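One structure below.
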Amino acid sequence: MPGRVAPATLLPMTLPALRIPERPKRPTLEGSVAVRDERRLSFAEYGSRRGPAIVWMHGTPGARRQIPVDARAYADEVGARIIGIDRPGIGSSTPHLYENVLDWTEDLRLLLDALAVDSVRVIGLSGGGPYALAAGAALPERVHGVGVLGGVAPTRGPDAAEGGIIQLAVHAAPLLAATRVPLGIALTGAIRTVKPLAGPALDLYAAVQPPGDKHLLGRPEFKAMFLDDLLNGSRFQTSAPLADLLMFTRDWGFRLADVKVPVRWWHGDDDHIVPFRHGQHCVDRLPDATMTTIDGESHLGGLGIAVAVMDELLALGA
């Protein structure tokens, strides 16, 4: 059944005693895991190493620390384990272009094995949504539930959704394929150049966003988290966002009907990046899924209710 949530009132009711710092703590553990073809995936962990695990797939752009401060505090409070993963080409993850979104799950399997994670829930924000769904399709024996926050919809095949900004990437796919590597190098250089102005640049970006995103980006703890993630993740390379865009213009390698595990989808009804109708389009095609509308929120609205998202996912499965 579809539902609605107002993030401004939900969080205080969920965690009345939780203390949320304005600046993000460093991860309890960071490192890299060897995966296929002599590559590596880097990760960051928060919370308890022995608690129920949640893999958090960052948006596009983003990196392994793109996890809300209150979600980290909640993990400490309830003894959960959050694992943020850098996709190839960001942070310390080796640059690589997967054949399709499903292909990445073989690397995920190796990472989970290395970290001794037998069962997991997966959350994907925006561009991380397709990767979270792929995990549910490929690893149903390990993935007990998938949470999608304003996730990107397919652009190819029978599940394709029409319209949206993602269609710009579809039209530009040949150019992206030809220039992905030099564009990534140029983007890394540009970020290094403007690093001292990162704070004002984020303020400028927030100023032109819809009210929901503008309010969220104006909160000190969210601004600090985004800046920490951006500057830490882009120290060496920034080709992952371009690889993501190219991947989203391809067939994902699985159908939404293949995702048999429970999926909980949250989407802002004022989303200007991924239209709300794209989220509903996907939910209608998933075998076991519910849609929760985040009233008055835009693309980043799911981050504002991260605690409620984690709480619901942890209740799924064994």
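The UniProt record's numbering puts the last residue of the sequence shown at 318; the count rises by one with no breaks.
For each residue, glycine too, the CB sits at the ideal point set by N, CA and C.
Computed from a predicted structure; not experimentally measured.
Beta-ladder partner(s) of residue i, from DSSP
i           : result
residue 332 : Within the shown structure, residues of the chain are numbered from 1 to 318, placing residue 332 beyond reach of any answer.
Ser32       : Ser42
residue 322 : Residue 322 is absent from the structure shown; the chain starts at 1 and stops at 318.
Thr238      : Ile90
Residue i classed as buried or exposed, judged by whether at least 16 other C-beta atoms fall within 10 angstroms
i      : result
Asp37  : exposed
Arg4   : exposed
Leu125 : buried
Pro16  : Note that Pro16 scores a pLDDT of 43, beneath 50, so its modelled location is shaky and nothing firm can be said.
Asp203 : exposed
Leu230 : buried
Arg49  : exposed
Glu106 : exposed
Thr193 : exposed
Gly79  : exposed
Ala177 : exposed
Ala75  : buried
Thr293 : buried
Pro61  : buried
Ala137 : buried
Backbone CA spacing between residue i and residue j [nearest angstrom]
i           : j      : result
Arg156      : Trp252 : 8 Å
Leu41       : Tyr98  : 13 Å
Gly317      : Asp258 : 18 Å
Ser93       : Phe236 : 10 Å
Pro287      : Lys195 : 44 Å
Gly304      : Leu216 : 7 Å
Ser298      : Ile166 : 16 Å
Gly218      : Val307 : 19 Å
Pro52       : Ala73  : 15 Å
Ala169      : Val208 : 22 Å
Pro241      : Ala172 : 14 Å
Ala315      : Glu77  : 16 Å
Ala63       : Leu197 : 19 Å
Asp311      : Ala206 : 28 Å
Glu221      : Ile67  : 11 Å
Trp104      : Ala134 : 8 Å
Asp86       : Asp295 : 30 Å
Ala44       : Asp271 : 28 Å
Pro88       : Ala153 : 21 Å
His96       : Leu246 : 12 Å
residue 370 : Ser32  : In the structure displayed, the chain extends from 1 to 318; residue 370 sits before or after that span and is not available.
His281      : Val263 : 14 Å
Leu108      : Asp213 : 30 Å
Closest by C-alpha distance to residue i, when choosing among the options
i           : options                        : result
Asp269      : Gly79, Met291, Arg250, Ile90   : Met291
residue 319 : His267, Gln280, Gly296         : Any property of residue 319 remains undetermined from this structure, which presents the chain solely from 1 to 318.
Ala34       : Ile54, Leu227, Leu111          : Leu111
Pro210      : Leu300, Thr105, Arg49, Phe43   : Leu300
Trp265      : Arg250, Ala224, Gly150, Gly163 : Gly150
Ala116      : Arg81, Leu133, Ser234          : Arg81
Asp118      : Arg142, Ala206, Val78          : Arg142
Glu30       : Val261, Gly233, Thr193         : Gly233
Thr249      : Gly164, Gln280, Ile67          : Gly164
Gly199      : Trp104, Ala153, Asp86, Ala224  : Ala224
Ala190      : Asp244, Asp213, Ser239, Leu139 : Ser239
Asp244      : Val101, Gly147, Glu221         : Val101
Val69       : Cys282, Pro174, Pro27          : Pro27
Arg121      : Phe276, Val146, Pro95          : Val146
residue 358 : Gly59, Leu187, Val283          : For residue 358 there is no data in the structure shown, the boundaries of the chain being 1 and 318.
Gly84       : Pro182, Ala114, Ile123, Lys214 : Ile123
Cutoff 8 Å: residue i Cβ touching any chain D Cβ
i      : result
Glu221 : Note that chain D does not occur in the displayed structure, where there is just one protein chain.
*asked:* List, from N- to C-terminal side, the alpha helix (DSSP H) runs of 4 residues or more that fit wholly inside the stretch 247-308.
replied: For the stretch 247-308, whole alpha helix (DSSP H) runs of length 4 or above, ordered along the chain, are 276-285.
*Within the UniProt domain "AB hydrolase-1" (52-154), ranges of the beta strand (DSSP E) (whole runs, at least 3 residues)*: 53-57, 81-85, 120-125, 143-149
*Where in the stretch 146-214 do unbroken runs of the alpha helix (DSSP H), each at least 4 residues long, occur, reported from the N-terminal end onward?*
166-171, 173-194, 198-207
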